[in-house]
Amino acid sequence: MVKILAFAGSGRKGSVNKKVVAIAAKGAQEAGAEVTIVNLEDFDMPIFNEDLEAEQGMPVEAQAFKELLISHDGFLISSPEYNSSYSSLFKNAIDWASRKTGDEAPMAAYRGKVAAIMAASPGGLGGMRVLVVLRMLMENLGTMVLPNQKAVGGAFKLFDEQGDITDEKTEKTLKNLGKELVDTLTKLKG
Ligand SMILES: Cc1cc2nc3c(=O)[nH]c(=O)nc-3n(C[C@H](O)[C@H](O)[C@H](O)COP(=O)(O)O)c2cc1C
Numbered sequence: 001m002v003k004i005l006a007f008a009g010s011g012r013k014g015s016v017n018k019k020v021v022a023i024a025a026k027g028a029q030e031a032g033a034e035v036t037i038v039n040l041e042d043f044d045m046p047i048f049n050e051d052l053e054a055e056q057g058m059p060v061e062a063q064a065f066k067e068l069l070i071s072h073d074g075f076l077i078s079s080p081e082y083n084s085s086y087s088s089l090f091k092n093a094i095d096w097a098s099r100k101t102g103d104e105a106p107m108a109a110y111r112g113k114v115a116a117i118m119a120a121s122p123g124g125l126g127g128m129r130v131l132v133v134l135r136m137l138m139e140n141l142g143t144m145v146l147p148n149q150k151a152v153g154g155a156f157k158l159f160d161e162q163g164d165i166t167d168e169k170t171e172k173t174l175k176n177l178g179k180e181l182v183d184t185l186t187k188l189k190g
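Just so it is clear: in the sequence shown, position 119 is 119 by the numbering used here, and no numbers are missing.
Following this line, the structure appears as structure tokens:
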């Protein structure tokens, strides 16, 4: 069975990116994948610093996140757009997980993986600019990124008080993105 790790690049409690990635995750589950959803803020790791790494090694929580990446076939990532780019929370976790700590192959957390990316913002463009740099980052790390992606604009208006999406079209697009990731991984795994 295809295994997918889903996470948002925001640690905010009411994060729209967490809501968006959860919908794509549901689409992936309905398409038959085993999906693990995690919150990045639950992995308490310091800002990456090579001196710290040399003195103390990889923090336990960074290692845990890295192992999750390694043990899944693909990723669903929804990123907030901070000043046209991804959050420091996200990049810090990505940097820690890029470091070799054991017998694993170099960049084992990223190479040979497939990702579907999305973004959500209260603004009209929906974080379209972060998708450009997020795609570039993940591809450079060795993760294939699906051509289809989704930027969800006006995101604060798309969810009701319970946190459920009120726009059927957006819901369908996000679920389809999750399904597309499962279909692609299924084909690749043979
Ligand atoms: C430091 C900072 C920079 C931001 N820059 C942008 C931006 O470039 N484009 C944008 O659409 N929204 C920007 N925003 C607004 C975010 O889209 C908004 O806070 C959003 O809710 C973050 O995602 P979340 O709800 O998943 O936490 C910025 C917010 C912060 C805190």
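Here a beta-carbon is modelled for each residue, glycine too, at the ideal position from N, C-alpha and C.
Quick one: does the C-beta of Tyr86 sit closer than 7 Å to a heavy atom of ligand 1? Reading the sequence shown from its first residue, position 86 is the one you call residue 86. Checking every heavy atom of ligand 1 against the Cβ of Tyr86, none is found closer than 7 Å.
Heavy atom of ligand 1 less than 7 Å from the Cβ of Gly123, yes or no? Your numbering for residue 123 matches position 123 in the sequence shown. The answer is yes for Gly123.
Determine, using beta-carbon pairs with one atom in the segment 151 to 162 and one in the segment 4 to 11, whether at least three such pairs fall under 8 Å. no
Residue burial classification, Leu52 (beta-carbon count within 10 angstroms, cutoff 16): Numbered from 1 along the sequence shown, position 52 holds the residue referred to as residue 52. When all chains shown are included, Leu52 counts as exposed.
Got a sec: does ligand 1 put a non-hydrogen atom nearer than 7 Å to the Cβ of Glu81? Looking up residue 81 in the sequence shown gives position 81. It does: the Cβ of Glu81 is within 7 Å (strictly closer) of some heavy atom of ligand 1.
Spatial neighbours of Val145 in its chain, beta-carbon cut-off 7 Å, leaving aside the 5 residues before and after: Along the sequence shown, read from residue 1 onward, the residue named residue 145 stands at position 145. Ala115, Ile117, Arg135, Met138 and Glu139, listed in sequence order.
Could you tell me the boundaries of the beta strand (DSSP E) in which Val38 lies? For this step, residue 38 is matched to residue 38 along the sequence shown. That run of the beta strand (DSSP E) goes Glu34 to Val38.
Contacts around Glu34, its chain only, beta-carbon distance under 8 Å, and the 5 residues preceding and following it disregarded: Here the question's residue 34 lines up with position 34 in the sequence shown. Excluding residues within five positions, the ones whose Cβ falls inside 8 Å are Met1, Val2, Lys3 and Ile4.
Bridge partner(s) assigned by DSSP for Phe159: Taking the sequence shown and counting its residues from 1, the one referred to as residue 159 is at position 159. According to DSSP, Phe159 bridges with Ile165.
Does the distance between the C-beta of Ala24 and the nearest non-hydrogen atom of ligand 1 fall short of 7 Å? In the sequence shown, counting from the first residue as 1, residue 24 sits at position 24. No, Cβ of Ala24 sits at least 7 Å from all heavy atoms of ligand 1.
Any idea what DSSP makes of Ser121, helix, strand or coil? Within the sequence shown, numbered from 1, the residue matching residue 121 stands at position 121. Here Ser121 sits in coil by DSSP.
Asp44 to Ala62 span [Cα, whole Å]: Looking up residue 44 in the sequence shown gives position 44. Looking up residue 62 in the sequence shown gives position 62. Roughly 8 Å between the two C-alpha positions.
Sheet register partners of Val145 (DSSP bridge): The count along the sequence shown starts at 1 and reaches residue 145 at position 145. In the DSSP output, where bridge partners are listed per residue, Val145 has Ala115.
Just to check, is the beta-carbon of Ser15 closer than 7 Å to a non-hydrogen atom of ligand 1? Here residue 15 is taken as the residue at index 15 of the sequence shown, counted from 1. Yes - ligand 1 has a heavy atom lying nearer than 7 Å to the Cβ of Ser15.
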